[in-house]
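For the record, the sequence lines run as chains G and Z. For the first sequence, this note's numbering puts the final residue at 118, and the numbers step up evenly by one. For the second sequence, this note's numbering puts the final residue at 111, and the numbers step up evenly by one. We put the CB at the ideal spot given by N, CA and C, even for glycine. Computed from a predicted model, the values in this text were never measured in an experiment.
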Amino acid sequence: GAVVSQHPSRVICKSGTSVKIECRSLDFQATTMFWYRQFPKQSLMLMATSNEGSKATYEQGVEKDKFLINHASLTLSTLTVTSAHPEDSSFYICSARFPTGDINNEQFFGPGTRLTVL
Amino acid sequence: DQQVKQNSPSLSVQEGRISILNCDYTNSMFDYFLWYKKYPAEGPTFLISISSIKDKNEDGRFTVFLNKSAKHLSLHIVPSQPGDSAVYFCAASRTGNQFYFGTGTSLTVIP
């Protein structure tokens, strides 16, 4: 299957700092990428839909000024957690939607990034 | 509002037996469904999918059944293997839109 990478896999930062997480589709061009967040023992919650070349669409309750998403190319989307606080500590996962074919609705997930804010 | 529900948080099955994981959804507009497998601290891995025009899809040891009238889908794993131990998420969407995930079922296959 298609490969999606995320960097970094783990990050620990101090409260008030900003953290950038990268999501790359390695062997296909993804016009749409998604950012999810998972709290312990809870489901994946969609945060935002990122479309290449346009502004991200945020889900209700997600602060767009806090979670900045940039999808500058067909293979890269970034999520920046600005002024991070301990409650932002979570597992962040991106996915990229395969653009064509029978699996055009399938998403390939990155390995996730564990963010810990001290 | 949880549109996709997995009411069993955990399931234990003996190796070689059948594992049945269940998932219910509330939105009748959903027309595409997926099952994902997830190990701790890793991203989900696609397992199997089914569209609403079918009621069954099989891939090796994995079979997904869809009952549209009941808004219910299930994943059957047979025979279950210890390596199948993981958290399984079902997800549903309307074609072209985002997926909604269930809360997951932690499967333990006992050797």
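Residue i, DSSP secondary structure in three states
| i | result |
| --- | --- |
| residue 87 of chain G | helix |
| residue 24 of chain Z | strand |
| residue 84 of chain Z | helix |
| residue 22 of chain G | strand |
| residue 27 of chain G | coil |
| residue 104 of chain G | Caution applies to residue 104 of chain G, whose pLDDT of 48 falls short of 50 and renders its modelled position unreliable; the value that the coordinates give is listed next. Residue 104 of chain G: coil per DSSP, three-state reduction. |
| residue 118 of chain G | coil |
| residue 48 of chain Z | strand |
| residue 74 of chain G | coil |
| residue 5 of chain G | strand |
| residue 41 of chain Z | coil |
Cβ-based neighbour list, residue i, same chain, cut-off 7 angstroms, excluding 5 preceding and 5 following
| i | result |
| --- | --- |
| residue 20 of chain Z | 74 and 76 |
| residue 30 of chain Z | 92, 93 and 94 |
Within 8 angstroms, strictly: CB atoms of residue i and residue j
| i | j | result |
| --- | --- | --- |
| residue 39 of chain G | residue 90 of chain G | yes |
| residue 44 of chain Z | residue 109 of chain G | yes |
| residue 86 of chain G | residue 117 of chain G | yes |
| residue 49 of chain Z | residue 25 of chain Z | no |
| residue 108 of chain Z | residue 85 of chain Z | yes |
| residue 120 of chain G | residue 6 of chain G | A question about residue 120 of chain G goes unanswered here, because the residues of chain G that appear run from 1 up to 118. |
| residue 21 of chain G | residue 78 of chain G | yes |
| residue 68 of chain Z | residue 51 of chain Z | no |
| residue 44 of chain G | residue 46 of chain Z | no |
| residue 58 of chain G | residue 66 of chain G | no |
| residue 42 of chain G | residue 103 of chain Z | yes |
Closer than 7 angstroms at the beta carbon, the chain Z residues around residue i
| i | result |
| --- | --- |
| residue 42 of chain G | 103 |
Chain Z residues whose Cβ lies nearer than 9 angstroms to that of residue i
| i | result |
| --- | --- |
| residue 110 of chain G | 43 |
| residue 114 of chain G | 41 |
Residue i: contacting residues in chain G (beta-carbon distance under 7 angstroms)
| i | result |
| --- | --- |
| residue 123 of chain Z | No answer is possible for residue 123 of chain Z: the residues shown for chain Z start at 1 and end at 111. |
Cutoff 6 angstroms; reference residue i; Cβ partners in own chain excluding five residues on either side
| i | result |
| --- | --- |
| residue 10 of chain G | 114 |
| residue 25 of chain G | 4, 75 and 96 |
| residue 27 of chain Z | 3 |
| residue 10 of chain Z | 106 |
| residue 72 of chain Z | 24 |
| residue 37 of chain G | 45, 47, 90 and 92 |
Spatial neighbours of residue i in its chain, beta-carbon cut-off 8 angstroms, leaving aside the 5 residues before and after
| i | result |
| --- | --- |
| residue 41 of chain Z | none |
| residue 73 of chain G | 52 |
| residue 79 of chain Z | 15, 16, 17, 18 and 61 |
Interface residues of chain G facing residue i [CB-CB closer than 8 angstroms]
| i | result |
| --- | --- |
| residue 30 of chain Z | Neighbours of residue 30 of chain Z on chain G: none; closest Cβ ~11 angstroms, over 8 angstroms. |
Neighbour list for residue i in chain G, Cβ cutoff strictly below 9 angstroms
| i | result |
| --- | --- |
| residue 89 of chain Z | 43 and 44 |
Residue i: contacting residues in chain Z (beta-carbon distance under 8 angstroms)
| i | result |
| --- | --- |
| residue 29 of chain G | Simply none; closest approach about 17 angstroms. |
Check each residue of the segment 40-73 of chain Z: if its Cβ is closer than 9 angstroms to any Cβ of chain G, include it; give the result in chain order. 41, 42, 43, 44, 45, 46, 49 and 51
For the segment 45-72 of chain G, which residues have a CB atom closer than 7 angstroms to at least one CB atom of chain Z, in sequence order? 46 and 49
When Cβ atoms are compared, which residues of the segment 79-97 of chain G fall closer than 7 angstroms to chain Z? Sequence-ordered contacts of the segment 79-97 of chain G with chain Z read 93 [C-beta pairs closer than 7 angstroms].
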